[in-house]
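Step one of this worksheet: look at the structure below.
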Amino acid sequence: MTTILPGRPETLTPDQEAKLKSFWKLLFEVCDGTAVGKFTQTKELKTILDRQTGDELRLAYWQAVKYDNPDALILRFLRARKWDVEKAITMMLTTIHWRSQTMHLEDIVKKGECLEDAGFMHQLRAGKSYIHGRDKENRVVCYVPARLHKPSDQSAESLEQFTVWLMETTRIVHQESADTSCLVFDMTGFSVSNMDYNSVKFMAMCFEAHFPECLGVCLVHNAPWFFQGIWKVIKGWLDPVVASKVHFTSGASGLSKFIDKKDIPKSLGGDENWTYQYVEPVPGENSALINPTPQQIEEKLKLEQVRSMLISDYEGMTLKWIKEEGNRSQEERDRLRGELKANYWMLDKYMRARTFYDRIGMIGEGGKVKL
């Protein structure tokens, strides 16, 4: 069994729990407009607060939570900012704004594997990045065969949308006991023509600024000698914490230090007889989202109403939890969290287009994951 890491909801120290409560208190104050003068606001954050109302930020926050533990999402930002509450909430509000106003991430998830976007679909059909298996720390593994990438094969917009779509999809297969990913850049056969500095910079920005504490380890596998010069450039962009997660491996023996050989595909020298093969969208799989029946429209409305009430109850119980000395309210918060998660998965078909990972059974009914 994988040990739950420090700084998670189940492993908080008293001081960390106090920081979490302080974050929630400040978040409520931001959303109800009473946070003015209560913490240092960067120029960027002031601009965001001028452009989005508290209600809009609140809605965008809960859209980002989805099926997740609300505390766990906040704790990612607190850990990323070394438990500095003001810096953490600035980071999260900036991310919420980026998700809702810059990337329009919910629209990307809703659109999904859109056949009309040839550049997006090329990433999937070519197998340029995919989720498969877990590493020795039980982290989900995402493989990136770099030799398959040609910068001219798609627009920057299509590639960026695919990147955030895959990151958001990977969130689904994270587990509470292993809530980060193992990213494997397979550099076998890589040449200079495959290098795309802009896409690497965008991915690094996503991990550092908007998907904090989601990257557990990054393995640069079988890199050719000339990549040393490229790495010097890339390393200069990275936050030192992210850079420290990058390891260079070579051959199956190097990769097996992080992933059991039985779980490494044969194409990389392992024992697993598995090859990525894309499964095309199935006609009608998104009918509830694209062309819902009157009954489905009614069901969605009822589920949204239930979710709104659950969120209100959770927030009310959180305000009570903030003020109390012990954890008498925590049990009720946990119950409401479970109901919010169940509610999300009933709404899922109305909010998220089916993916390759749904079609192959990795993401199952009610969000059950099978890797």
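By the count of the numbering used here, the sequence shown reaches residue 373 at its end, each step adding exactly one.
Where is the CB? At the ideal position from N, CA and C, for every residue including glycine.
Remember, predicted model here, so these are calculated numbers, not experimental data.
request  = With DSSP collapsed to three states, give me the class of G231.
outcome  = helix
query = Looking at the structure shown, is C116 part of a helix, part of a strand, or coil, going by DSSP?
reply = coil
request  = Identify, in the order they occur along the chain, each residue of the same chain with its Cβ nearer than 7 Å to the Cβ of I362, setting aside the five sequence neighbours on each side.
outcome  = V281
task = Tell me whether T36 sits in a helix, a strand or coil according to DSSP, three-state version.
result = coil
inquiry  = For a test of the three-state rule: what should DSSP assign to C216, helix, strand or coil?
reply    = coil
query = Thinking C-beta only, is C144 closer than 8 Å to T165?
reply = no
inquiry  = Given this structure, state the Cα-to-Cα distance separating W64 from S289, to the nearest angstrom.
reply    = The alpha-carbon atoms of W64 and S289 are separated by roughly 25 Å.
key: Cβ neighbour criterion (16 or more within 10 Å) applied to P16   = exposed
ask   = Can you tell which of R330, D360, M319 has the C-alpha that lies nearest to the C-alpha of K27?
value = M319
message = So for H374, helix, strand or coil by DSSP?
response = With the chain running from 3 to 373 in the structure shown, residue 374 is simply not present.
ask   = Between K264 and G366, what straight-line distance do the alpha-carbon atoms span, to the nearest angstrom?
value = If you take the alpha carbons of K264 and G366, they lie about 24 Å apart.
key: 8 Å Cβ cutoff met for S201 and L240   = no
query = Does the distance from the C-beta atom of L305 to that of M353 stay below 8 Å?
reply = no
key: Opening and closing residue of the beta strand (DSSP E) in which R136 lies   = 132 to 136
message = Under 8 Å: do the segment 223 to 239 and the segment 91 to 102 share three or more Cβ pairs, one atom per stretch?
response = no
ask   = With a Cβ-Cβ cutoff of 8 Å, do Y278 and Y132 count as a contact?
value = Taking 8 Å as the Cβ cut-off, Y278 and Y132 qualify as a contacting pair.
key: Closest Cα partner of C220 within the set D137, G340, P11, E46   = For the residues D137, G340, P11, E46, the minimum Cα distance to C220 belongs to D137.
key: For Y145, the residue or residues it bridges with in DSSP   = Partner(s): Y132, V186.
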